[in-house]
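Single-structure report; data block below.
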Amino acid sequence: MAVIPYMSTGIFDHGAISQLAKTLKKLRGARPFIVTDPGIKAAGLLDKVLEQLDEAPAGVFADTLPNPEEAQAEIATTAYKESGADSIIGLGGGSSLDMSKMVGLMATHEGPYDQYGTAERGTRLIKALPPLIAVPTTSGTGSEVSAGFMVTMKSGRKELFVSPRAMPATAICDPDLTFGLPPHLTAATGMDAVTHCIESIISPSANPVADAIGLDGVARAVGQGMLKRATEDGSDPDARWNMMLASYEGALAFVKGLGAVHSLSHGAGRLTDLRPHHGTLNAIWLPHVLRFNADAPNMEEPYARIRTAMGLPAGADLGDAIAELNEDLGIPAGLKALGFDASRGAGVVKWAMKDLATFTNPKPLEQADFEALYEAAMV
């Protein structure tokens, strides 16, 4: 049975940030609280957003860490409450956008907050959140049009929260805000978008609309070469526009579910001493998981469609093609470059086995399968 939930509004184009004040008024947000990170502030993007507001915001939290944490969200939420804010603007990549959602949850709900996560089947407990405008500055996570968000909890779990009420009221997607993103982050975030599209296409869940959206995202990012172009020339307006759309499409597609790439990346991303980039982890594991899933039932058609979208010949090895793309983009071939060693494997596998994305992988995985995928990526 197909379930096709699309509920968000996106304002999308070069210069879209000019619509911020008008959008706030429509949402009756008189005192917005901005959630962002130090890199966005240093790059001057926070100033660009402040210029668009009719009045100063109620407050700004600009300290979001990569892979946001519950303890830091508590600090941001205290600042939100003390500011008297009535709405939130999430500005940045996936970490800042996810942090903004967590602040909205904490500002309106009582703890403990693990109870609202998918591990505890807590979606039903999530009630109304403050209006949220999401302004992405990377082209990767698609959090601006996703009902989900990830936070590393005090328990050590990188928890997924999912609720229609966490969907941003409006996404303002301005590719101009990505012009300053350096090549390595352009590549890594872009591969996050590609992974979202590919894993959703091969998910066994039924959603033909999501399949079509995911295939279009793969075609733009890889088949048309927009990810390579954006990485090589960050000021290429067409490449930045198309990559922001591919990112947007990736999140629309993954309502079908994801797979073992994300299970492993979530298990590894919880390591706060390493703080590995989520998109880089996805890129590293994607070739290995594509090879693992290749003999799963009913994979012939989705694999063939992905090859076509990527511009590959019939029968091409998708894992090899992604590995080659990673090399072209300058993404590390393995986990050692990110500080991982064999001793980290058991913990990554433990959390990956429990991750929600595991259950929508097209091929069942046992502990030994995850261990083999971790070892394969240890180069």
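Each residue of the sequence shown is one higher than the one before, starting from 322 at the first, in my numbering. Virtual Cβ for every residue (Gly too), placed ideally from N, Cα, C. Only a predicted model underlies this, so the values are computations on that prediction, with no experimental measurement involved.
Closest Cα partner of residue i within the set the options
i	options	result
Tyr-695	Ala-400, Pro-685 and Ala-667	Ala-667
Asp-662	Ala-383, Met-620, Glu-391 and Met-699	Met-699
Ala-364	Ala-342, Thr-499 and Thr-444	Thr-499
Asp-559	Ser-526, Pro-503, Asp-497 and Ala-617	Asp-497
Met-620	Arg-628, Gly-501, Val-670 and Ile-523	Ile-523
Val-466	Lys-657, Pro-634, Phe-333 and Ser-664	Phe-333
Asp-594	Ala-337, Lys-346 and Pro-387	Pro-387
Lys-657	Ala-644, Ala-697, Pro-618 and Thr-681	Ala-697
Thr-507	Leu-418, Asp-554 and Ser-526	Asp-554
Val-669	Leu-367, Asn-682, Ala-581 and Ile-534	Ala-581
Thr-385	Val-472, Asp-495, Asp-690 and Arg-665	Val-472
Val-576	Ser-476, Leu-502 and Pro-529	Pro-529
Glu-520	Gln-688, Met-564 and Ser-584	Ser-584
Leu-566	Leu-536, Ser-586 and His-587	Leu-536
Arg-612	Gly-413, Leu-592, Ala-644 and Gly-588	Ala-644
Lys-675	Gly-413, Gln-688 and Arg-665	Gln-688
Ser-586	Val-456, Leu-659, Lys-362 and Glu-372	Leu-659
Gly-588	Leu-366, Ser-464 and Glu-692	Glu-692
Ile-410	Glu-431, Lys-346 and Thr-439	Lys-346
Leu-341	Val-370, Tyr-624, Arg-665 and Gly-501	Val-370
Ser-526	Leu-502, Ala-400, Pro-683 and Asp-368	Pro-683
Leu-686	Ala-625, Gly-414, Asp-616 and Leu-633	Asp-616
Met-564	Val-515, Lys-671 and Leu-579	Val-515
Cys-518	Asp-557, Ala-400, Leu-502 and Arg-626	Arg-626
Ala-400	Leu-579, Ala-383, Asn-614 and Glu-372	Ala-383
Neighbourhood of residue i by C-beta, 7 Å cutoff - its chain only, sequence neighbours within 5 removed
i	result
Ala-468	Val-483, Ser-484, Pro-485, Ala-487 and Met-488
Met-427	Ala-394, Glu-395, Thr-398 and Tyr-434
Asp-513	Gly-461, Thr-462, His-599, Gly-600 and Asn-603
Asp-407	Gly-350, Ala-351, Arg-352 and Pro-451
Met-631	Val-539, Val-543, Gly-544 and Ala-642
Lys-475	Glu-391 and Ala-392
Phe-470	Asp-419, Lys-422, Met-423, Ser-464, Phe-482 and Ala-487
Helix, strand or coil at residue i according to DSSP, with G and I counted as helix
i	result
Ala-383	coil
Thr-491	strand
Met-278	Outside the displayed span of the chain (322 to 700) sits residue 278, for which this structure offers no information.
Gly-463	coil
Ile-681	In the sequence as displayed, the identity of residue 681 is Thr instead of Ile. Helix, per DSSP.
Ser-329	coil
Glu-570	helix
Lys-369	helix
Glu-441	helix
Ser-556	coil
Gly-350	coil
Met-620	coil
Pro-653	coil
Glu-431	coil
Lys-549	helix
Leu-602	helix
Met-420	helix
Leu-450	coil
Leu-595	coil
Lys-479	strand
Ser-484	coil
Cβ neighbours of residue i in the same chain (closer than 6 Å, five flanking residues each side left out)
i	result
Val-381	Ile-355
Thr-491	Thr-330, Thr-344 and Ile-454
Pro-504	Thr-552
Asp-495	Ala-337 and Ile-338
Ser-404	Phe-354, Ala-379 and Gly-380
Where residue i falls, given that 16 or more other Cβ within 10 Å makes a residue buried
i	result
Tyr-437	buried
Tyr-327	exposed
Thr-679	buried
Glu-648	exposed
Gly-360	buried
Lys-479	buried
Gly-590	buried
Arg-263	Not covered by the structure: residue 263. The range shown for the chain is 322 to 700.
Ala-673	buried
Pro-389	buried
Gly-358	The sequence as given places Asp at residue 358; Gly does not occur at that position. Answer is buried; the Cβ neighbour count reaches 16.
Arg-442	exposed
Ala-635	exposed
Ala-531	buried
Gly-432	exposed
Pro-618	exposed
Pro-703	Lying before the first or after the last residue shown, residue 703 is absent from the chain, which here runs from 322 to 700.
Ser-556	exposed
Arg-628	buried
Nonlocal neighbours in the same chain, by C-beta distance under 8 Å from residue i, ignoring five residues either side
i	result
Gly-651	Pro-504, His-505, Ala-508 and Thr-552
Ala-654	Ile-605, Ala-644, Asn-647, Glu-648 and Val-700
Worksheet item: Are the region 406 to 424 and the region 435 to 449 in contact at 8 Å, needing three or more beta carbon pairs?
Response: no
Worksheet item: Does the region 597 to 610 come within contact of the region 534 to 553, defined as at least 3 CB pairs closer than 8 Å?
Response: no
Item to complete: Please confirm if the region 563 to 574 is in contact with the region 600 to 614, defined as three or more CB-CB distances below 8 Å between the two stretches.
Response: no
Worksheet entry | Cβ contact check for the region 369 to 385 and the region 342 to 357: 3 or more pairs under 8 Å | yes
Worksheet item: Is the region 603 to 621 in contact with the region 638 to 647, if contact means three or more CB pairs nearer than 8 Å?
Response: yes
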